[in-house]
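A short worksheet on the structure shown next.
There are 2 protein chains.
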Amino acid sequence: MDRKEDQPDFEPIVTVTRAEIVEQRIHDFLKKKKLKPGDPIPKETELAESLGVSRNVIREALSRFRMLGLIESRKKRGMILTKPDIMNGFERVLEPHLLDRSTLLDIFEMRLVLEMGLAELIFIKKTKNDISTLERIVRNAPSLHDVRFKLEHEVEFHSKLYEITGNETLHRFQRLLLPIFQFVTQEEAHLNKPPKTGIVDHPQLVEILKTGTPLEFRQGMYNHLEPHFEWIAEQKKI
Amino acid sequence: MDRKEDQPDFEPIVTVTRAEIVEQRIHDFLKKKKLKPGDPIPKETELAESLGVSRNVIREALSRFRMLGLIESRKKRGMILTKPDIMNGFERVLEPHLLDRSTLLDIFEMRLVLEMGLAELIFIKKTKNDISTLERIVRNAPSLHDVRFKLEHEVEFHSKLYEITGNETLHRFQRLLLPIFQFVTQEEAHLNKPPKTGIVDHPQLVEILKTGTPLEFRQGMYNHLEPHFEWIAEQKKI
DNA sequence: ATTTGCATTATGTAGTACATAACTTCAATA
DNA sequence: TATTGAAGTTATGTACTACATAATGCAAAT
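First to last, the sequence lines map onto chains A and B. For the first sequence, numbering that gives the first Met the number 0 gives the first residue as 0, with consecutive numbering after it. For the second sequence, numbering that gives the first Met the number 0 gives the first residue as 0, with consecutive numbering after it.
Now the structure itself:
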């Protein structure tokens, strides 16, 4: 029979590497010292000595910070803290085929949530110029039968909405989420074809932006995205 | 006078380190081979040889992947790809005092956008149990005069809203953004005291969740967050 | 047949050595 | 005097070696 019941179920011993510990220690150090971008941080040899590990380990930990854009190092000058690009760590992990289905769906939902929430910000920040651009994008929309450029146009329109917010972080986030979104919609299309389109289209959204209210825009965006929400509701039942 | 005008502004020569290149190469390798979580990846020595660099450099690159949770390595067994935790890289960079003001404001806005967009998802996923929990949270709200637990309660309520969506990624994202949000609201409070509160409070939001529609909830949430949006609109003018 | 012990293997860590780039100083030169 | 050039210094970047450690499989022992 199954012998597992006999065995006492100890927690497995987790072995943390020195690099991990050093990473944590240095992170705490930066936090505690309240170092700001531009401030110098100790030399590799100094860190190695005060932490009691080889320079090798120090460099493995520092390599992580370098990737995140938290530190920069120049020869002779030593290392300095830098203003990190917060999306850096995100970017490298967003490979659709590396993520499991549930995470992909989560991200898909996040995009819908963001888009539904854009209204206020857009109405606060929009300029006449933005509206003109949107109108141009809508004018140049490919015909309904032309499948090739449909996705391209879809991306251009929605991307512009994010851009209007003037929130570069938000916009960047959207761009990073794009591949995931396409990956999921592709699957979505596979299941229930033909792809349904919302009852509100891009030109109508632009019209609301020109003459309507945030309240109307929120509702319009919902109707635009409605098929996706329906799809989510179905997924929930399964 | 200022001599800078005389100087031709060349782009500075960027020197990429071997570790950076190796990181990129390995990343491409994983992508191209379409490796999935669980699949083994080449040994360090193999990588070192085929890429023509020392094992040291390989390990600095691999250290980055390890941090992101992209790979795990066990002695003797070698290294395997793992399902990455997409928030891992994010987490380590979100130190309020390391980010510049504009990024902090961006993140603050993102939180508002997310919260405004939650309505649909919440209405799709909510259960009777969730409503009960919200009612309990509201019942236990500290009195208006008790400043100490106000923030705590605020966090608990809004956090529960994210939880209702059943979207763990989204919920985790919110939790990561919390310190930033508090950092900004603190500053916000400094400027225009006393802190204004929206005309819609938590009990009203719960009531809408019970008997209302997503449309009403969106408007309710807007009224709840209105002071923050006003603050943003002011910031824009400055 | 189960356990024990040994050899094997890949990662983890330490240490040394040298290359490279950037900064400093100081002398030489126009 | 100001610019250039050379030499020395220093911290990071890279390579290489050596050994520790843990996991795995296989063979020997009971």
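Ideal placement from N, C-alpha and C gives every residue a C-beta, glycine not left out.
Same chain, Cβ closer than 6 Å to Pro202 of chain B, neighbours up to 5 away in sequence not counted: Val137
One or two residues paired with Leu150 of chain B in a DSSP bridge: None; Leu150 of chain B has no bridge partner.
Below-9 Å beta-carbon distance, Ala47 of chain B vs any chain A residue: no
C-beta neighbour in chain A for Lys31 of chain B, strict 9 Å: no
CB-CB length for Pro36 of chain B against Met78 of chain B, believed under 8 Å: Actually they are not in contact, since the Cβ atoms of Pro36 of chain B and Met78 of chain B sit about 12 Å apart, beyond 8 Å.
His157 of chain A and Glu114 of chain A closer than 9 Å at C-beta: yes
Where the stretch 16-31 of chain B meets chain A: residues whose CB sits under 9 Å from a CB there: Identification of residues in the stretch 16-31 of chain B having a C-beta nearer than 9 Å to some C-beta of chain A yields Thr16, Ala18, Glu19, Glu22, His26, Leu29 and Lys30, given in sequence order.
Cβ neighbour criterion (16 or more within 10 Å) applied to Gly245 of chain A: Any question about residue 245 of chain A goes unanswered here, given that chain A covers just 0 to 237.
Same chain only: Cβ atoms within 7 Å of Met86 of chain A, ignoring 5 sequence neighbours per side: Arg171, Phe172 and Leu175
Under 9 Å between C-beta atoms of Glu71 of chain A and Ile57 of chain A: Going by C-beta atoms, Glu71 of chain A is not nearer than 9 Å to Ile57 of chain A.
Any C-beta of chain B under 9 Å from that of Glu43 of chain A: So no, Glu43 of chain A is outside the interface.
Boundaries of the alpha helix (DSSP H) in which Glu45 of chain B is found, first to last residue: DSSP places Glu45 of chain B inside the alpha helix (DSSP H), whose first and last residues are Glu43 to Leu50.
Of the residues B:Val199, B:Leu111, B:Glu151 and B:Ser142, the one placed nearest His223 of chain B, counting alpha carbons only: B:Val199
Any 3 or more C-beta pairs closer than 8 Å across the stretch 12-27 of chain A and the stretch 48-57 of chain A: Segments in contact, yes.
CB contact check: Asn55 of chain B to chain A, cutoff 9 Å: yes
Nearest-angstrom Cα separation, counted from Phe148 of chain B out to Val205 of chain B: 20 Å
Those residues which DSSP pairs with Leu80 of chain A across a bridge: A:Ile70
Nearest candidate by alpha-carbon position, reference Leu93 of chain B, set B:Gly219, B:Ile25, B:Phe180 and B:Arg217: B:Phe180
Expected contact under 8 Å - CB spacing of Ile169 of chain A and Met220 of chain B to nearest Å: Reading off the sequence, residue 169 of chain A comes out as Leu, not Ile. Rounded, the Cβ-Cβ distance is 18 Å, inconsistent with contact.
Thr102 of chain B and Lys82 of chain A closer than 9 Å at C-beta: Cβ distance < 9 Å, so Thr102 of chain B and Lys82 of chain A count as in contact.
As assigned by DSSP and simplified to three states, the class of Leu11 of chain A: Checking the sequence, you will find Pro at residue 11 of chain A rather than Leu. Here Pro11 of chain A sits in coil by DSSP.
Host alpha helix (DSSP H) of Ile85 of chain B (start-end): Note, Ile85 of chain B: premise wrong, no alpha helix (DSSP H); not H, not E.
Endpoints, alpha helix (DSSP H) assigned at Ala118 of chain B: Arg100 to Lys124
C-beta neighbour in chain B for Thr168 of chain A, strict 9 Å: yes
CB contact below 9 Å: Gln218 of chain B versus chain A: Gln218 of chain B belongs to the set of residues whose beta carbon lies under 9 Å from a beta carbon in chain A.
Spatially closest choice to Ala118 of chain B from A:Ser53, A:Gln218 and A:Leu208, by CA coordinates: Ranking A:Ser53, A:Gln218 and A:Leu208 by Cα distance to Ala118 of chain B puts A:Gln218 first.
Close beta carbons around Leu69 of chain A, own chain, < 6 Å, minus the five adjacent residues each side: Pro83
Residue closest to His96 of chain A, alpha-carbon to alpha-carbon, out of A:Phe182, A:Arg73 and A:Thr14: Of A:Phe182, A:Arg73 and A:Thr14, the smallest CA-CA separation from His96 of chain A is found for A:Phe182.
First through last residue of the alpha helix (DSSP H) which encompasses Ala18 of chain B: Here the alpha helix (DSSP H) through Ala18 of chain B covers Arg17 to Lys31.
Continuous alpha helix (DSSP H) stretch holding Ile130 of chain B: start and end: From DSSP, the alpha helix (DSSP H) with Ile130 of chain B extends over Lys127 to Arg138.
Contact residues within the stretch 99-120 of chain A, judged by C-beta distance below 9 Å to chain B: Asp99, Ser101, Thr102, Leu104, Asp105, Ile106, Glu108, Met109, Leu111, Val112, Leu113, Glu114, Met115, Gly116, Leu117, Ala118, Glu119 and Leu120
9 Å Cβ cutoff, Phe172 of chain B in contact with chain A: yes
Outcome for Asn166 of chain B when other beta-carbon atoms lying within 10 angstroms are tallied against a minimum of 16: buried
Distance, Ala140 of chain A Cα to Pro213 of chain B Cα: 31 Å
Chain-ordered chain B contacts of Phe228 of chain A [CB-CB under 9 Å]: Glu119, Leu120 and Ile123
CB contact flag (Glu208 of chain A, Ile121 of chain A, <9 Å): The residue asked about is misnamed: residue 208 of chain A is Leu in this sequence, not Glu. Taking a C-beta distance under 9 Å as the contact criterion, Leu208 of chain A and Ile121 of chain A qualify as a contact pair.
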